[in-house]
Each structure stands twice: as C-alpha cells, then as structure tokens.
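Undergrad: As you go down the protein sequences, you meet chains A and B in turn. Counting in my numbering, the first sequence runs from 903 upward without gaps. Counting in my numbering, the second sequence runs from 903 upward without gaps. Even for Gly, the Cβ is constructed at its ideal location relative to N, Cα and C.
Protein chains: 2
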Amino acid sequence: MSVISLDRTSKKSLTRQLYEQMQQRILSGVLTEGYKLLSTRAMANELGVSRNVVLEAYDQLTAEGYIESRTGSGTFVAAGAVYAAKESVSLKEVKTIGFKSFNPNIIDFRSGVPDLSQFPVNQWIRITRDVYQEATPAQLAYGSPEGRAELREAIAEYVRVHRGVRCHTEQVLVTAGTTQAIGLVSRIMLHSTNKNVMLEDPITSDIRYIIEGFGGVIHPVGVDENGLKTKDLRKLPKPLFIYVTPSHQFPLGITMPIQRRVDLLNFVSKTNTYLVEDDYDSEFRYDAMPVNSIQGLDPKRVIYLGTFSKTLCPSIRVGYIILPEELIERGRRLKWFADLHNATMDQLVLARFIKKGYFARHVAKMKKIQKRKREVLIRSMEKHFGDKVSILGSATGLHLTARFPGVRFNSELLQELEEKGVKVYPVEEHAIRAGFYEDTIIIGYGMLDPGRIEKGVEILASVLQLN
Amino acid sequence: MSVISLDRTSKKSLTRQLYEQMQQRILSGVLTEGYKLLSTRAMANELGVSRNVVLEAYDQLTAEGYIESRTGSGTFVAAGAVYAAKESVSLKEVKTIGFKSFNPNIIDFRSGVPDLSQFPVNQWIRITRDVYQEATPAQLAYGSPEGRAELREAIAEYVRVHRGVRCHTEQVLVTAGTTQAIGLVSRIMLHSTNKNVMLEDPITSDIRYIIEGFGGVIHPVGVDENGLKTKDLRKLPKPLFIYVTPSHQFPLGITMPIQRRVDLLNFVSKTNTYLVEDDYDSEFRYDAMPVNSIQGLDPKRVIYLGTFSKTLCPSIRVGYIILPEELIERGRRLKWFADLHNATMDQLVLARFIKKGYFARHVAKMKKIQKRKREVLIRSMEKHFGDKVSILGSATGLHLTARFPGVRFNSELLQELEEKGVKVYPVEEHAIRAGFYEDTIIIGYGMLDPGRIEKGVEILASVLQLN
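(1) Counting pairs of Cβ atoms below 8 Å between the segment 1003 to 1013 of chain B and the segment 1209 to 1220 of chain B, do you hit three or more?
(2) Are the C-beta of A:L1242 and some C-beta of chain B separated by less than 8 Å?
(3) Any C-beta of chain B sitting closer than 8 Å to the C-beta of A:L1142?
(4) Counting Cβ pairs closer than 8 Å, one from the segment 1155 to 1171 of chain A and one from the segment 1015 to 1025 of chain A, do we hit at least three?
(5) Could you check whether the segment 1178 to 1194 of chain A touches the segment 1040 to 1054 of chain A, counting it as contact only if at least three pairs of C-beta atoms, one from each stretch, sit closer than 8 Å?
(6) Using a Cβ-Cβ cutoff of 7 Å, what residues of the segment 1080 to 1095 of chain A are near chain B? List them in chain order.
(7) List in chain order: all unbroken alpha helix (DSSP H) runs of 4+ residues lying wholly within the segment 1190 to 1242 of chain B.
(8) How would you label B:S907, buried or exposed, when you count the other beta carbons within 10 angstroms and need 16 or more for buried?
(9) Which residues does DSSP list as the beta-bridge partners of A:M1100?
(10) Among residues of its own chain, excluding the 5 on either side of A:I1334, which ones have a beta-carbon nearer than 8 Å to its beta-carbon?
(11) On a CA-only basis, which of A:S1107, A:V1309, A:E1114 and A:V1178 is nearest A:P1148? Give me that one, please.
(12) Quick check: the Cα distance between A:I1293 and A:R1305, rounded to an integer number of angstroms?
(13) Residues in its own chain within less than 6 Å of A:E958 by CB, not counting five upstream and five downstream?
(14) So does the segment 1355 to 1363 of chain B actually touch the segment 1318 to 1327 of chain B, counting three or more Cβ pairs closer than 8 Å?
(15) Looking at C-alpha atoms only, which residue of B:E966, B:A1240 and B:Q1082 is the closest neighbour of B:A981?
(16) Looking at the strands, I want to know which residues DSSP matches up with A:H1301.
(17) Please report the residue range of the alpha helix (DSSP H) in which A:Y960 lies.
(18) Do B:A1058 and B:T1071 have their CB atoms nearer than 8 Å?
(19) For B:S904, I'd like the list of residues in its chain whose CB is within less than 7 Å of its CB, leaving aside the five on either flank, ordered along the chain.
(20) Could you tell me which chain B residues have their CB closer than 8 Å to the CB of A:Q1035, listed as they occur along the chain?
(21) DSSP three-state label for A:Y921, please.
(22) Starting from A:I969, trace the beta strand (DSSP E) in both directions and tell me its first and last residue.
(23) Report, in whole angstroms, the separation of the C-beta atoms of A:G1118 and A:L1086, which I expect to be a contact under 8 Å.
(24) Any beta carbon of chain B sitting closer than 8 Å to that of A:S904?
(25) Decide if A:T1342 is buried, meaning its Cβ has at least 16 other Cβ atoms within 10 Å, or exposed.
(26) Would you list, in sequence order, the uninterrupted beta strand (DSSP E) runs of no fewer than 3 residues that lie entirely inside the segment 1278 to 1344 of chain B?
(27) Quick one: is the Cβ of B:F1021 within less than 7 Å of any heavy atom of the ligand ATP?
(28) Under the three-state reduction of DSSP, which class applies to A:R1068: helix, strand or coil?
(29) My parser needs the beta strand (DSSP E) runs of 3 or more residues fully inside the segment 1139 to 1186 of chain B; what are they?
(30) Please report the straight-line C-alpha distance between A:Y921 and B:F1239, rounded to a whole angstrom.
(31) Could you name the residues of the same chain whose beta carbon sits closer than 6 Å to that of A:K1202, not counting the 5 residues immediately before and after it, in chain order?
(32) Helix, strand or coil for A:G1129 per DSSP?
(33) For A:N1370, count neighbouring Cβ atoms within 10 angstroms of its own Cβ and tell me buried if that reaches 16, exposed if not.
(34) By the 9 Å beta-carbon criterion, what residues does the segment 1141 to 1173 of chain A contribute toward chain B?
(35) Indicate whether B:H1047 and B:K1285 have their beta-carbon atoms separated by less than 8 Å.
(36) Tell me the DSSP bridge mates of B:G976?
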C-alpha cells in the first residue's frame, strides 16, 4: 500500500485522492477479494495524513461496495469489484460543424448576420441587472414550455402592430430560434401519415435537413419573380405543409405580391393543409413599411415563425411560433419534451427590452445603418458591373442576390476570390435541384462597414473582369 | 373612401393605418379591380394628413401588388387581390403543460428543485456585466453547436476532478438541460434498426416520453436495493442503449454499488451497446464525497449526462453530454439542427462563474443547507412515524423516498393531503409497470425551509394516522 502517493498541491482533496487510488487498486485486481486493509490509524501514519482523511475514504469505499468491515476483525476488499477500467479516448481531430468563424483578413459577404457592433450593451446590462435583482425563486425554478407571459405578450403586440399578424398571447410559443421552430413545426405536423413537405427551391439548406431529420419527404417547388410558383404545387402530391419566405425569399430576396399570396392561400384552403410563413428579416424594408404577413389573411391556416437573430443578435437564440389554435397544445407538449422551455431570465430581459421601447428604437436605428450599407453596395455594384449584373431582393433584409449572366461560381472561382480577399456565397449551395443558379451569388452586407463593402466589390470586379 | 378613419393615438403610424385599411377594402372586395383611387393630394386633403402619409401608403400597396398606377391616367385597384380574410382564432382555454406553478399556501414536497433563494445573484450580475462589456461581434453572432470552448473546458475539468469522468474538452456537448440531452442521445442512437431502450422502472416519466417520441421502444427493467437488476437485462432483447441513474436512482434514491456497476458494464461490453449515465444530483452527497461516475470505468461505452439545474438553478437550462469519441460528430450535427447552439452569453457567464471558483463554493454552501434540511426531515419522519416508515435514498440529492407499508397513495388520499395543506408525490407516477409502488412517496426538500418541513410531516402524520 505504500505506493499510494498523495499530492497536496492537487485540486482533488486528499480524501478523494486516497479513495481513487484504492479504488483503482481494487478495480484492477492489485488488491484482491478478502485482502485485509491497514487500520485507519496505521494507514494515516503510513501516509502522514490525519486519520479523518483515511476514515472518510474508507467510509466512501464501504458505501460504494469496494470494501467491507467485519466486526472485530478489520476491513477487507469485497468480492465482485474487479473491472479492468477501459482506456480513455485518444482524441482524433473533430470536424467543425455549423457556423465557420470569421477570418478578419477576408471581406466576408456572409448573409443573415446584422451589424453586431451596434448591440445595445448598456441598456441590456441595466435591464439584466434589474431582472436578476428582482428575481423570485419561482422564476429561477422550472417554467412553462410556451415561455414567459411577459415575453409572449410583448411578441404578440409587436407582431400585431408591425407585422399584421392576428393572434392572442396564448398562440405564441417561444422557441430557441427559428431552427428549433422548424423542428417543432415538423414534429407537430409529421405525426400524420402524409409526409409531403413543399419547400421553395432554392431555400436555406439547413431547413430541408431539419425537416428530413424528422421524417419529412421534401418536394422542391421553383421560385419565379413573384416567389413560389403556386401553379407547380398542383402537379405534386397533396402536401402536409408548405414552407415559404414570402416577405423576403431566402436566398433570392423576392417579396411575394398579393396575387400570389391569394393563390397560395386558396390552394392551402382547398387542400386543407397548412402554410408555414418564415418571416426572418422583414423588419428591414428600406423604402417602405414592412409588408404585412400572410398570417393576417388566414390565421387558422398559417403557422408564423419569427426571430430576434436578425433584429437583435443571433447569439441570444430566441425566436417564436404563432400557432393556429388547434396546434397550440401539441406545440407546447413538444417544446416541453424538447428542452422544457427557453432560459427564463433571458426571456424576462428581452420582454422588458421590448416593453421599454428599446427594441423598436434599435430596429429603427439598424434600419438606417443597413440602408446606408445597401446604398453603398448597390452603387458599387453599378459602378463596377453596370448592366453585366442584375440585382434581386435589395428592398428588404440583410442581403441581396446578384446574377452575373455567363459567369459560373464554381469552387475554383470561389477559391480564387477568397485568395484575393473576398468571400461570396453561391445561391447554388441552397438549391435543392442543381444547375439553375450557377451565375448567382448571395451578398450579405449586415456585418461590413461601407469601406469594406466598396473594397469587396472592387476585388470581385477585378477577379470577374466583366468590363 | 371617407369611411377610412385614422387614429392619432394608436401605436400604428398613420401610414400603416391607411395602408391596412385600404388593403382590407381591396382584399374584401369593397374596392374592386379597376377602381380608380383618389390622387394622393386629394386623399391627403380628405383625411387631413400630410401628402407623404398617403404617398407612402400608396407606394407600399403598389409594391405589394394591391394597386397599380397607369401613366397619365391615375392609380387603380389591381386584379387578383381579393381574398376574404378568414376569421381569427376565438381562443378556448389552453391546458397547462409542464411544470405546475407553486401554491404558496401548500407545503409542497416537490423534488428536483434546489433552494433558489440562495442563488448568487450579485456574483452573477457582476460577471454578466463584465461578459457583456467585453462581448465581441463574433460572440454575438452565430456560434458552434458543441458550445463555447470556455464553458466546455470548465465542465471537462469539473467532471474530471469531482466526478471521476475521463474526458477531453472536445467530448463535451453543451445542451439545453438534460431534457434536450436525452432527446439528442435518442436521436444519436435511434438511426439504428434496433430500437430497444432499457429503462430503470420506476424512472422520471418524461424520460420515456422523450425516447418514445424519437421512435425508441421502451423495455422497463426493475430496480432492487442495488439499483437496476442487471440479471433481468439478460431476459430481454439486445438493447440499443441502457439508461441508468446510478449515483442516485430517480425516484428511489439508490446508489448503485460497484458490484452491480461491474456487472452492468460487463453486459454492455458483451452486447456491444451503450450505457447512458444520468448524473443529475450526485453533487449533494451528504455523508461522503460524491460517488465516482460509471463513465470513468469505461469512457468508450458510457454517455454521461450532467446538469446545472440542481446545483445552480433550473431556469438557466444548461446541461451537458460527455460523448464517446465515435459519437461526437453526430452529436454536434444533431445539436446544430436542433437549435444551432445554446445562448452564447449565458455560456460565457457560466464558464466564468465556474472558473472563478464561485460554482464550487456555491455547491459546498448548498450542500450544507440541504444537509440540515435533510436532517430535519428525517428526524421529523422518525418522530411521527417511527418504524411505520422506511426511508430510502437519503444519502444524496434533493429528495428521499418514504415507504409506508399498508398505505395506498391513491388520488383520494393525495387530494385529502392537499386539502390539509401538504403535497407529496407518489413513486407510482413514475412507474412504467403499475402497482409496485403504491405505498411509496417522493419527498423533495430542496425548496422548503426546516420549519415548513416539520410542519409538512406533522400534517402528513395527522392524515395517515399510523400511530
């Protein structure tokens, strides 16, 4: 037993070290069944530690079954405690999944991220402090899957006033962003035997993986200058639900006009199905007010998805679903079994941030900032490319798409661009059916300042050499 | 058109009100295709608003396709914009799902919730302030599914030192609590054709619903005084994974001794399957150090689940999975498609809270507080019930179970208890196979102060009348 060595500088207590070393010896069979241990007094002397350390370690080993004391005769190693502990993991490199980190040396026209240097840090800190100082034990305990009433009321009022959504507070389900919302909607719907889900093509590639992950069968539906081609729906099997981004089609940027909306809703009514309206960045409509939601036209048939990722910041992971009444209970139940509910304090802080009017002011401020970036971007594009480019979807949001007829944005070209210091994103990456958008790229301008935007377009022009 | 009425006290802008009212008239067919609108100037006069208000509303309606201007002849209602907007939802009452709120007039022996009046508010606020003041745009953007490196390092060190877990930082996957962790583990595993999942019986009822929700086929395995009856595993089909709570069986409270652990691991090895170790409250072991994890004995075969709900607070919704290497990438991918990642700032605050040593001190403090509550509870039980009760699982955690031979905790008895002012929870609610635990209740003591605990036991005694 003298090979036990205790390290007084370790984070582990002496008791824990002694316990683990004895445990190791028993598990590995160095100390075998029936072996008589030193008395606690003798062991303490041997190791130069207080007797309490040994007593506690012996108690622990006894409680866990490694050793047993027999009255009057001492303490012995118990039977059945031998297990050759398996090797730990020798870790190979793990592939990165999800969002790639930014390379500060590259002008990155990534879409979907707002200008985060504008995040209202001080207001947020003040509210957070107040919310925590007022926190009750009940708020710190488990909550309800639908989310805090304070936040749901703020969201319901916001979407009623600004998005033309018609809803009650009880229809709001707070989610961990739109990603979770899409998963929940899939699970709400996909208990049906019908698994057909109609998606705009192109569309954010994550969306189809999420829906497929829950058993959905994806049917791509093309997009023309008015959005999803409703005519094509009639050639496909009966849908379970149809997923659209009518305010600002992602990635193409189209705003669906009322005629197409009416056609879509008539189809949805007639086939007795649901429309999922993903309204991810419509707050940023630069030359007019945001277009009203489709939800407002038929609240029983439309499942509306909103997010704070584009208006506030993605890191907060808060979004929401406005559910038709008959889906509310199923939605709450699935949210409960997904993660119980969103973190409570974050919800309370956000609710107060909205209620105090800070959110509306922040959106207005961001709209101005983004508008200026958009103007710089469009001016630069016109200057460098003239009629060699057609720009789509610039009325709204944090990105536009640029079509360069005759150009193919294949991996060689993208790599050359990156080597020259600029990163753009091909629409083709989001296409379900390949080959229709090889000449078109997504240009996000949320995170770049005007100087970098100009410089980026200049590099793009020097590589493409269209003039 | 004179029926349009604008409300200057509304939260909606005059432009938005005008736009929505005209939109309504067109959608409903009051204004029909080809109807010629007043000029913007005339409309402004009619309504007594600035011409800009009307111009903006007309622009918006034009952009969305409701109206169209024909050069030289005026502005007209467009074709195809009629849609009889459907009635909104007239909401019936929605059933509450999830955690029932506390009734302050009842002594509620609910389990699984720590004493939240002890939450370290001031430390938390200070760290939150620092983290937000130092926040970079990259931190506020989208992150990685596995979670922030700072937090994963803190968790890896914590479980290595305190739980005998053997792992690298890369094996840590930050989750939105154990609920999400169970869902992710189910989805990681259930792509197999084998759907057999072995659960301890009884076990928290949510667990089986989550696993079944992802297609698992549940096989209950009984629990004796040493935990899961490994012998019974051999009578069942080959498992996909086995789910256990070895540090503190929920609800019964048993700590699994080493012999049973060895037997279980031998079975897992031989059948080439996985063990899921749910280690939800082992930090609170009162008379000894926490029992080491099973994971440390075989890191390649054990998926370890931990949570901050019991040590810090449930409202924060943070837990973690320690994944064997071969499951890391699949785990990250599924977390990405579940909700991208946990909220970033919360992760950074928690990481710093652990790193500064506040977490370890908080756990030590809570252990003292809970220990005193436990003593009061056990003393009261002995005083009122003597040998009419047997107490199980009091060595660890935030609850114990009490068996009253001959008593049946059916709904009548539970209701009588509640009317007298005390709420206890039958083990039977968590039993997969009914009828074995009708005489046993769960008594949680995390949230109650000693006086309330004594009073609660007194009421329980007066109702049961066993002496």
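TA: In brief:
(1) no
(2) yes
(3) no
(4) no
(5) no
(6) T1081, Q1082 and G1085
(7) 1230 to 1241
(8) exposed
(9) A:H1121 and A:I1144
(10) L1101, D1103, P1104, I1105, R1110, I1120 and P1122
(11) A:V1178
(12) 6 Å
(13) T917
(14) yes
(15) B:E966
(16) A:G1346
(17) R953 to A965
(18) yes
(19) Here B:S904 scores only 46 on pLDDT, less than 50, and its place in the model is too uncertain to base an answer on.
(20) V1023 and I1027
(21) helix
(22) I969 to R972
(23) About 13 Å separates the two Cβ atoms, so there is no contact after all.
(24) Here the model assigns A:S904 a pLDDT of 45, short of 50, so the residue's position is not dependable and the matter cannot be decided.
(25) buried
(26) 1292 to 1294 and 1301 to 1305
(27) The model depicted lacks the ligand ATP and carries no ligand whatsoever.
(28) coil
(29) 1143 to 1146 and 1176 to 1180
(30) 42 Å
(31) P1226
(32) strand
(33) Because residue 1370 of chain A is not part of the residues shown, which for chain A are 903 to 1369, the question remains open.
(34) T1157, M1158, P1159, I1160, Q1161, R1162, R1163, V1164, D1165, L1167, N1168 and S1171
(35) One detail in the question is off: residue 1047 of chain B reads as Pro in this sequence, not His. No, the Cβ-Cβ distance between B:P1047 and B:K1285 is not below 8 Å.
(36) B:R972
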